[in-house]
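Here the structure is laid out as structure tokens; the discussion comes afterwards.
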Amino acid sequence: MMLFAVSILGFEFSPTIVTPSAAGQAGIASVYSYESGSRTASGQQLNHEALTAAHRTLPFGSKVKVTNKSNGRMVVVTINDRGPFVRGRVIDVSPAAAQVLGFAGLAQVSIDGAQ
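Residues 0 to 114 (numbering that gives the first Met the number 0) make up the sequence shown, in order.
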């Protein structure tokens with residue numbers, strides 16, 4: 000597998016596949032409510048059509064598998080922002096990712112390393 004650094008607007012991103020031990024979380028996911036086009040903490044423009052997410056500690060560019068515990072649907076998202084900053088929530092996903100996961104608002108999810 001080849002990993003490389005990408006520079007966007009002066010920010011460098013090195014894609015990282017997160018191992019299950021680095022993720023391995025469960026909790027509440029929420030859907031981004033920010034306007035598309037806003038800047039994320041990584042400097043990228045927020046794109047509601049992209050499969051992206053915000054996490055408090057995982058490195059930018061990390062790819063994680065998010066599974067909706069109520070219906071078993073899963074999606075691989077790229078971490079490009081920080082958050083959520085609401086107690087009890089473990090990840091904010093883009094509207095596109097929430098659609099794949101089959102929820103609007105909040106859902107119980109698990110987060111694992113992408114294979």
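The beta carbon of each residue, even a glycine, is placed where N, CA and C say it ideally should be.
Straight-line Cα distance separating Phe84 from Ile27: 12 Å
Runs of beta strand (DSSP E) lying entirely within the stretch 20 to 48, each at least 3 residues, in chain order: Look at the stretch 20 to 48 and you find these whole runs of beta strand (DSSP E), each 3 residues long or longer: 24 to 30.
Per-residue DSSP class, three states only, for Ala50: Note on identity: in this sequence residue 50 is Leu, with Ala being the wrong assignment. Three-state result, Leu50: coil.
Cβ-Cβ separation, His54 to Ile90 (assumed contact under 8 Å), whole Å: 5 Å
Reference Asn67, options Asp80, Pro58, Ala106, closest by Cα: Ala106
Pair within 9 Å by beta-carbon distance, Val63 and Leu57: yes
Test item: CB-CB of Asp80 and Ser41 under 9 Å: yes
Cβ neighbour criterion (16 or more within 10 Å) applied to Ser37: Classification of Ser37: exposed, given that the 10 Å Cβ count is below 16.
Separation of Phe102 from Gly60, as counted between CA atoms: Roughly 24 Å between the two C-alpha positions.
With 16 other Cβ atoms within 10 Å as the buried cut-off, status of Ser20: With a pLDDT of only 43 at Ser20, under 50, the local geometry of the prediction cannot be trusted, and no value is derived from it.
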